[in-house]
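Residue numbers (my numbering): 36 to 187.
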């Protein structure tokens with residue numbers, strides 16, 4: 036399996052949670068949370084992470100509606116991600132992130148941290164969940180491709 040350096044993004048109106056993966060491409064970790072100011076500023080801050088981590092792909096959480104439709108927020112995220120892809124000259128892959136923020140809040144509560152006081156931590160934890168899902172799906176796809184019969 037080829038190792039890939041990916042950046043996971045949980046894009047919100049006010050903040051962007053950022054996650055990266057380890058050198059093996061197995062484990063996603065929350066890195067930081069950007070406070071959004073302008074598209075140009077967002078791009079420059081993300082460009083630093085991309086260069087530092089030699090990123091090859093952006094993995095963006097897409098907030099589908101619960102019925103599976105792309106709502107207003109999902110279309111806004113797609114528009115942002117497409118602009119980011121052009122600006123950073125990197126491919127974008129999307130992951131269904133419908134419940135990642137809820138899951139991130141649950142993880143914080145389990146660690147005895149207050150979700151309301153740790154919005155940035157929720158965003159980067161959600162980004163890590165998005166990236167981990169992508170890494171796991173990618174690994175599962177590679178295993179299936181190597182052994183299509185499922186016997187093994």
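The C-beta atom is built at its ideal place from N, Cα and C for all residues, glycine as well.
Since the model is a prediction, treat every value here as computed from it, not as a measurement.
**Report entry** Option nearest residue 161 by Cα separation, candidates 144, 59, 116, 54
**Finding:** In the chain shown, counting from the first residue as 1, residue 161 sits at position 126. Per the Cα distances, 54.
Requested in this report: Report all residues from its chain with a CB closer than 6 Å to the CB of residue 158; omit the five preceding and five following residues, and keep chain order.
Outcome: Along the chain shown, read from residue 1 onward, the residue named residue 158 stands at position 123. Counting only Cβ-Cβ distances below 6 Å, and skipping sequence neighbours, we find 45, 50, 52, 68.
Query raised in the report: How about the stretch 136–144 and the stretch 106–121: do they share at least three Cβ pairs that are nearer than 8 Å?
Result: Not touching, per the Cβ criterion.
Report task. Let me know if residue 56 comes out buried or exposed under the rule of 16 or more other beta-carbons within 10 Å of its beta-carbon. Result -> Here residue 56 refers to the residue found at position 21 of the chain shown. When all chains shown are included, residue 56 counts as buried.
Report task. Can you give me the Cβ contacts of residue 92 inside the same chain, cut-off strictly under 7 Å, excluding the 5 residues immediately before and after it? Result -> Locating residue 92 in the chain shown gives position 57, counting from the first residue. Counting only Cβ-Cβ distances below 7 Å, and skipping sequence neighbours, we find 39, 41, 125, 126, 128.
**Report entry** Residue closest to residue 123, alpha-carbon to alpha-carbon, out of 176, 89, 106
**Finding:** Reading the chain shown from its first residue, position 88 is the one you call residue 123. Scanning 176, 89, 106 for the CA closest to the CA of residue 123 turns up 89.
Query raised in the report: If we ignore side chains and look at the alpha-carbon of each, how far apart do residue 111 and residue 121 end up?
Result: Here the question's residue 111 lines up with position 76 in the chain shown. Here the question's residue 121 lines up with position 86 in the chain shown. When rounded, the distance between both Cα atoms is 16 Å.
Query raised in the report: To which residues of the same chain is residue 80 closer than 6 Å at the C-beta, ignoring the five residues directly before and after it?
Result: On the chain shown, position 45 is the one that residue 80 refers to. Same-chain partners within the cutoff: 69.
Query raised in the report: Do we get a CB-CB distance below 8 Å when we pair residue 139 with the residues of chain B?
Result: In summary, chain B is missing from the structure at hand, where a single protein chain is found.
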